[in-house]
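Enquirer: Going line by line, the protein sequences match chains Z and A.
Numbering follows this note's numbering, in which position 90 of the first sequence is assigned residue number 90; successive positions increment by one, without gaps.
To get this note's numbering, take the position in the second sequence, counting from 1, and add 1000.
All C-beta atoms, glycine included, are put in the ideal place defined by N, C-alpha and C.
Number of protein chains: 2
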Amino acid sequence: MDEIELDERKIKILDAVIRNYLETGEPVGSRTISKYTDLNLSSATIRNEMADLEELGYILQPHTSAGRIPSDKGYRFYVDHLMQEKNREVADMKQFVIEHTEKVEQVLQQVAKILAANTNYATMVTAPSYHRNKVKFIQLSNLDEEQILAVIVTEGKLVKNKIIPVSEPIDNETMLKLNILLNSNLNGLALEEINLGTIAKLKEQAGIHSDIISNVLDTVAETMGQDEDIRIYTSGTTNLFKYPELSDSTEKASELLSTFEEKQQLASLVTENLLEEENTGIQVYIGNESPIQTMKDCSVVTATYELGEGIRGTIGIVGPKRMDYEKVMDNLKVLKNSLDGILDKPKGQT
Amino acid sequence: MDEIELDERKIKILDAVIRNYLETGEPVGSRTISKYTDLNLSSATIRNEMADLEELGYILQPHTSAGRIPSDKGYRFYVDHLMQEKNREVADMKQFVIEHTEKVEQVLQQVAKILAANTNYATMVTAPSYHRNKVKFIQLSNLDEEQILAVIVTEGKLVKNKIIPVSEPIDNETMLKLNILLNSNLNGLALEEINLGTIAKLKEQAGIHSDIISNVLDTVAETMGQDEDIRIYTSGTTNLFKYPELSDSTEKASELLSTFEEKQQLASLVTENLLEEENTGIQVYIGNESPIQTMKDCSVVTATYELGEGIRGTIGIVGPKRMDYEKVMDNLKVLKNSLDGILDKPKGQT
DNA sequence: TGTTAGCACTCCACATCATCGAGTGCTAAT
DNA sequence: ATTAGCACTCGATGATGTGGAGTGCTAACA
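#1: Is the number of C-beta pairs between the segment 1324 to 1337 of chain A and the segment 1113 to 1132 of chain A that are closer than 8 Å three or more?
#2: Using the beta-carbon of each residue, which ones in chain Z are nearer than 9 Å to A:Leu1149?
#3: Would the segment 308 to 328 of chain Z count as touching the segment 239 to 249 of chain Z if we require 3 or more Cβ pairs under 8 Å?
#4: Pull up the distance between the alpha-carbon of Z:Thr174 and that of Z:Asn161, whole angstroms please.
#5: Assign Z:Met295 to one of three DSSP states: helix, strand, or coil.
#6: Who are the neighbours of Z:Glu254 on chain A, taking C-beta pairs under 7 Å?
#7: Rank Z:Thr198, Z:Val159, Z:Gln61, Z:Gly207 by C-alpha distance to the C-alpha of Z:Leu178 and give the top, closest one.
#8: Please classify A:Thr1259 as buried or exposed, where buried requires at least 16 other C-beta atoms within 10 Å of its C-beta.
#9: Which same chain residues end up closer than 8 Å to A:Gly1025 when comparing Cβ atoms and leaving out the 5 residues on each side of it in sequence?
#10: On the three-state DSSP scale, how would you describe A:Leu1083?
#11: Assign A:Arg1047 to one of three DSSP states: helix, strand, or coil.
#12: Rounded to whole angstroms, what is the Cα-Cα separation between A:Asn1337 and Z:Gln265?
#13: If we ignore side chains and look at the alpha-carbon of each, how far apart do A:Pro1128 and Z:Ser214 end up?
#14: At which residues does the alpha helix (DSSP H) containing A:Arg1031 begin and terminate?
#15: Does DSSP put A:Lys1136 in a helix, in a strand, or in coil?
#16: State buried or exposed for Z:Asn195, treating a residue as buried only when at least 16 other CB atoms are found within 10 Å of its CB.
#17: How about Z:Met124 and Z:Ile232: are their beta carbons less than 7 Å apart?
#18: Taking a Cβ distance cut-off of 9 Å, strictly less, list which residues of the segment 181 to 193 of chain Z are near chain A, in chain order.
#19: From which residue to which residue does the beta strand (DSSP E) around Z:Leu257 run?
#20: Could you name the residues of chain Z that A:Ser1258 contacts, counting a contact when the two beta carbons are closer than 8 Å?
#21: Examine chain Z for any beta-carbon lying closer than 7 Å to the beta-carbon of A:Leu1041, and answer yes or no.
#22: Name the chain A residues whose beta carbon is nearer than 9 Å to that of Z:Leu143?
#23: What residues of chain A sit near Z:Ser361, judged by a beta carbon separation below 8 Å?
#24: In whole angstroms, what separates the C-alpha of Z:Asn187 from that of Z:Thr198?
#25: Between which two residues does the beta strand (DSSP E) containing Z:Val166 stretch?
#26: Would you decide whether Z:His63 is buried or exposed? Buried here means 16 or more other CB atoms lie within 10 Å of its CB.
#27: If you compare alpha carbons, which of Z:Ile212, Z:Glu222, Z:Ser184, Z:Leu182 is closest to Z:Ser167?
#28: Please state if the CB of A:Leu1257 and the CB of A:Thr1237 are separated by a distance shorter than 7 Å.
#29: Rounded to the nearest angstrom, how far is the Cβ of A:Leu1060 from that of A:Ser1042, given a contact under 8 Å?
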């Protein structure tokens, strides 16, 4: 429906305005456009067209006698229609990421860092939430007389430990029984499938050691529960200083940075897409489209990745509205592809 | 040697200047002091004394016809001699910290947060480095045909996992042997004690499975190695915006924040004290005394804690030179005491 | 001899003012 | 439909001036 109200020439001019503004960050005037484009139109004509574009809400003037800057609507149009897909050589990153680390958490921190370095914006990456993940293996072992160690491994190859205090030593035979009990009953189950019935049955069979079972189950829930506090890795937040329109008022910048520090807030940006099963694409929030108030002067681009079956997280970039959408989305795509299914592949180098 | 050059009255005046400046952040003039103190001296007298203090290097003038502000030397004197020990009711924190979490890493993040909220400065807390820590327990288990899980527990109750790929399945009997082999040879050893001899012996006894042993040993080294990348938790970094003298130039602030983000840099601040065995006190770096260049306009206060035998980390606070040293040091002391030996105590609630 | 009152001086902070120029909208000519 | 021209707007920039807080110095005082 957008296209109806814009003719070819207006689109060209809008495109020129936005591109120019993305580069310079300054309001762009009619003369600039007249020279910039291959339209061969005088500044006066451009001015008329620009007045129209303003009336239509695609661009706006910060004040009379200044050039025009894109409005949110303008950016939206740009992202949806004007932007070209470039497929640049960011692919190296993939190699880099894979080779440089093994631990998932470190990968994610790396991803955030690389992305920040590459784009000059602030970035965030959420650790996977273990959505619909299944129990693969549970093991209890004696640590000493007072403590036992519980290790839980999921299909997604995520491992969690818990040290559980016990009132009295457990002999090896009992331990073996408990292990068999746990594994035979829980293996292959997703969190949702472990219901009260299963739990009751387990506890009954464990007899006097039912408290240990409770403890283990708590840990299982914690490992796989979706209400687990979401871990978010951020990087390059100080990049936001590079864009005067975000950092002029100091207060604004401070608020923005606080949002990044108080990571729980970012979660709302990010969990939103996680839930929608099918949506695996890339999301763009411009200005007020973002659910976070403090980011109304920014744009946010997010992508959802899926490390393995049911293990998902989000990568996001925050920058000024005039961010280089093409580059950012390219980067996100590449990284998303790198991360997708990373756990399914064998880990060897060759 | 400081005391020699300062008589009673000069000290009182210096004290007044510093305290006043700590409160207001503005250069303080002679008239203010004359009213502030119980010395009952006119501003003119104060002026003379202040001129002396300036000549001695304890205070300085930002420009002619402005009041005086403390120099680094002045702050140093204040911290060393003037400051009173207050013992306030920060003790609640201890309870709070302990009750609200069990996992060490979360405790530390909490500590950083609380400290930041309490002091209004930027804070950082390093995760423990497992200095002289010992192996307590190692266990290998079959995950599936291609992978085994190694779990390593140290005396400090830190647990680490690694998934190790194997070329062919290991039967249970072999696994048992490997477990016994590892535990009987490594238990109770510190990292430094696992030398080439031990390793060679282990590998020999493991026969065809020596590659697994190598892998496990790698993980052990990683768990306990002191060259492990140091984890640092920061909080309240945006607090630094509250102090104009740090954030006026925007560039300065940006640089400072970058330092906080690039956490590796902070390590130098923090590892310094870790090595000195006996030093368990509180360190104060004023301005250029800090090893980090970007912090030359700040003061840094650090404290080293010891969770348990040989497991140490550092808590630090970064703020403007005119920070409330008393409060900060109080807070650090309390927190340090809370953390000290936390792992030695039983974990039960009562 | 130490303290104080007084005074001239300095210099920053702040507000006022004028100027400049980029950019606009409108009108009239092409 | 396009363009040249022109008057107009308005922020950015820099010069100017004023007020006030604070100093150093000198001279008077206890």
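Expert: With the given structure in hand:
#1: Taking 8 Å as the limit for Cβ pairs, the verdict is that the segment 1113 to 1132 of chain A does touch the segment 1324 to 1337 of chain A.
#2: Position 149 of the second sequence, counted from the start, is the residue given in the question as residue 1149 of chain A. Chain-ordered, the chain Z residues with CB closer than 9 Å to the CB of A:Leu1149 read Phe137, Gln139, Val151, Val153, Val159.
#3: Enough Cβ pairs lie closer than 8 Å, so yes.
#4: Within the first sequence, numbered from 1, the residue matching residue 174 of chain Z stands at position 174. Within the first sequence, numbered from 1, the residue matching residue 161 of chain Z stands at position 161. Rounded to the nearest angstrom, the gap between the Cα atoms of Z:Thr174 and Z:Asn161 is 20 Å.
#5: Looking up residue 295 of chain Z in the first sequence gives position 295. Z:Met295: helix per DSSP, three-state reduction.
#6: Indexing the first sequence from 1 puts residue 254 of chain Z at position 254. Looking at the sequence provided, one finds Ser at residue 254 of chain Z rather than Glu. Within chain A, Thr1238, Phe1241 have C-beta atoms less than 7 Å from the C-beta of Z:Ser254, given in sequence order.
#7: Mapped onto the first sequence, residue 178 of chain Z falls at position 178. The residue among Z:Thr198, Z:Val159, Z:Gln61, Z:Gly207 with its C-alpha nearest the C-alpha of Z:Leu178 is Z:Gly207.
#8: Here residue 1259 of chain A refers to the residue found at position 259 when the second sequence is read from its first residue. Under a 10 Å Cβ-count criterion, A:Thr1259 is classified as buried, with 16 or more other Cβ atoms of the shown protein chains found around its own Cβ.
#9: Looking up residue 1025 of chain A in the second sequence gives position 25. Taken in chain order, the residues that qualify are Tyr1243, Pro1244, Glu1245, Pro1320, Arg1322.
#10: Looking up residue 1083 of chain A in the second sequence gives position 83. It should be pointed out that residue 1083 of chain A corresponds to Met in this sequence rather than to Leu. Reduced to three states, the DSSP call for A:Met1083 is coil.
#11: Here residue 1047 of chain A corresponds to residue number 47 of the second sequence, with the count starting at 1. It is helical.
#12: The residue labelled residue 1337 of chain A in the question sits at position 337 within the second sequence. The residue labelled residue 265 of chain Z in the question sits at position 265 within the first sequence. The alpha-carbon of A:Asn1337 is positioned some 32 Å away from that of Z:Gln265.
#13: The residue you call residue 1128 of chain A lines up with position 128 of the second sequence. The residue you call residue 214 of chain Z lines up with position 214 of the first sequence. Their Cα atoms are separated by approximately 30 Å.
#14: Counted from its first residue, the second sequence places residue 1031 of chain A at position 31. For A:Arg1031, the uninterrupted alpha helix (DSSP H) segment begins and ends at 1030 to 1036.
#15: Within the second sequence, the letter at position 136 stands for residue 1136 of chain A. DSSP, reduced to helix, strand and coil, places A:Lys1136 within a strand of the structure shown.
#16: Counting from one through the first sequence, the residue named residue 195 of chain Z turns up at place 195. Per the 10 Å Cβ criterion, exposed.
#17: Position 124 of the first sequence holds residue 124 of chain Z. Position 232 of the first sequence holds residue 232 of chain Z. Taking 7 Å as the Cβ cut-off, Z:Met124 and Z:Ile232 qualify as a contacting pair.
#18: With the criterion set as a beta carbon lying under 9 Å from some beta carbon of chain A, the segment 181 to 193 of chain Z has no members that meet it.
#19: As a position in the first sequence, residue 257 of chain Z is number 257, starting the count at 1. If you look at Z:Leu257, you'll find it isn't in any beta strand (DSSP E); it sits in the alpha helix (DSSP H) that goes 251 to 261.
#20: The residue you call residue 1258 of chain A lines up with position 258 of the second sequence. Chain Z residues near A:Ser1258: Thr238.
#21: Residue numbering aside, residue 1041 of chain A sits at position 41 when the second sequence is read from its first letter. A:Leu1041 does not count as touching chain Z.
#22: As a first step, residue 143 of chain Z is located in the first sequence; it is residue number 143 there, counting from the start. Here the neighbours are Lys1136, Phe1137, Val1153, Lys1157.
#23: In the structure displayed, chain Z extends from 1 to 350; residue 361 of chain Z sits before or after that span and is not available.
#24: If you number the first sequence from 1, residue 187 of chain Z lands on position 187. If you number the first sequence from 1, residue 198 of chain Z lands on position 198. Approximately 12 Å, taken between the alpha carbons.
#25: The count along the first sequence starts at 1 and reaches residue 166 of chain Z at position 166. Looking at the DSSP string, Z:Val166 is not in any beta strand (DSSP E), and its letter there is neither H nor E.
#26: Locating residue 63 of chain Z in the first sequence gives position 63, counting from the first residue. Around the C-beta of Z:His63, fewer than 16 other C-beta atoms lie within 10 Å, and the residue is accordingly described as exposed.
#27: Counting from one through the first sequence, the residue named residue 167 of chain Z turns up at place 167. Of the listed residues, the one whose Cα sits closest to Z:Ser167 is Z:Ile212.
#28: Stepping through the second sequence from its first residue, residue 1237 of chain A is reached at position 237. Stepping through the second sequence from its first residue, residue 1257 of chain A is reached at position 257. Contact check for A:Thr1237 against A:Leu1257 passes: the beta carbons are separated by less than 7 Å.
#29: As a first step, residue 1060 of chain A is located in the second sequence; it is residue number 60 there, counting from the start. As a first step, residue 1042 of chain A is located in the second sequence; it is residue number 42 there, counting from the start. Actually they are not in contact, since the Cβ atoms of A:Leu1060 and A:Ser1042 sit about 23 Å apart, beyond 8 Å.
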